[in-house]
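Mapping of the sequence shown onto full-length UniProt numbering: position 170 corresponds to residue 170, and the numbering continues sequentially without gaps.
Positions of the beta carbon are idealized from the N, C-alpha and C atoms, including for glycine.
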Amino acid sequence: MSFERRLIFLCGEAEGEAFRGHVARLDPNLETVWCSTVAALDFVTRSGGHRTRVISFLTDQIVPKTILERLRPRPINVHPGPPEFPGAHGLSFAIFNEAKEFGVTVHEMTAKVDDGPIIMVDRFALPSDAEIVSYGNEVYARSVALVDHVIHHCVKTDGPMPHAMREQWTDNHCTKRRLKNLMTAVDYLTPQDRARLIRACGPLLDLEKRATSSHG
C-alpha cells in the first residue's frame, strides 16, 4: 500500500487512539497510525517512509538509525524534560538535585537519544517541596499541549518546524542505571537526602524495593 502522506505516532495505546481521533478531526483524509514499539514501527515503515512523519510521544523506545533513514520529513520527539535533563527519569533527578525549574522539550529525532535540533521548550518553576506524582502530571499536561502544536503543524505541511536556536542539550544524561544506583543507596542517605529521594522517586522506590527483595 502506498500513502500520499502519513503520520505515525510512537506512543502508548490511549494516546495513540486520542491522537488519531484528533488528526481525523483536523484532516479526515490524512492517513494516521500509531505504534507502541520499535518493532511495530519497523514493520509499518518497511514499504518506505517517503512523506511519512513520525511523532514520538513520551516513550522510552529508541528508534535506530536504519528506521530514521527511511523517514521523510524528519521525525519529531516530545521529551518529558528540558534540555538540561536529557535521557530517562529527568524529573526524579531534577527534584533530588533541587533544580529550580523543569520542562518539556520538542526536538527532531536523530540516532543519538535526545540530541537532535530543539524546536521548542516549555519550562515551569519547580518548588523546593516538589514531588514526583503531582509534577509528573504537570509534565504530562504540558507535553500534551506541545504535541498539539506539533500535530497542527504536521497536518498542514511536511515542512520543518522552526528551531529554537538558543536552546542546547547538556551532557547531563539521565539514565535508568543512574536512578537505580541512587535508589539502592536510600538506606545510606541522611534523613534530609532520604526525604528528597522519596519525593523524587515516590512509587519507583517501592518497585525497586520489591525487585531487590525478590532477588534476595
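- Annotation for C201: the continuous alpha helix (DSSP H) segment containing it runs P191 to C201.
- Non-local beta-carbon contacts of E15 in its own chain, meaning distances under 8 Å to residues more than five positions away in sequence, involve F9, W34, F57 and L58 in chain order.
- In the three-state DSSP reduction, E101 falls in the strand class (E or B).
- Classified as buried, N77 has 16 or more neighbouring CB atoms from the shown chains inside 10 Å of its CB.
- Contact check between the segment 172–187 and the segment 77–87: three or more CB pairs, one atom from each, fall below 8 Å, which counts as touching.
- In the three-state DSSP reduction, G21 falls in the helix class (H, G or I).
- In the structure shown, H79 adopts extended strand secondary structure according to DSSP, grouped into three states.
- When DSSP states are grouped into helix, strand and coil, M183 belongs to the helix group.
- Residues L7, R20 and V23 of the same chain have their beta carbon placed closer than 6 Å to that of T32, with the five preceding and five following residues left out of the count.
- Taking 8 Å as the upper bound for CB-CB distance, Y140 and L91 are not in contact here, some 10 Å apart.
- Contact between A164 and V104 is ruled out by a C-beta separation of about 13 Å, above the 8 Å threshold.
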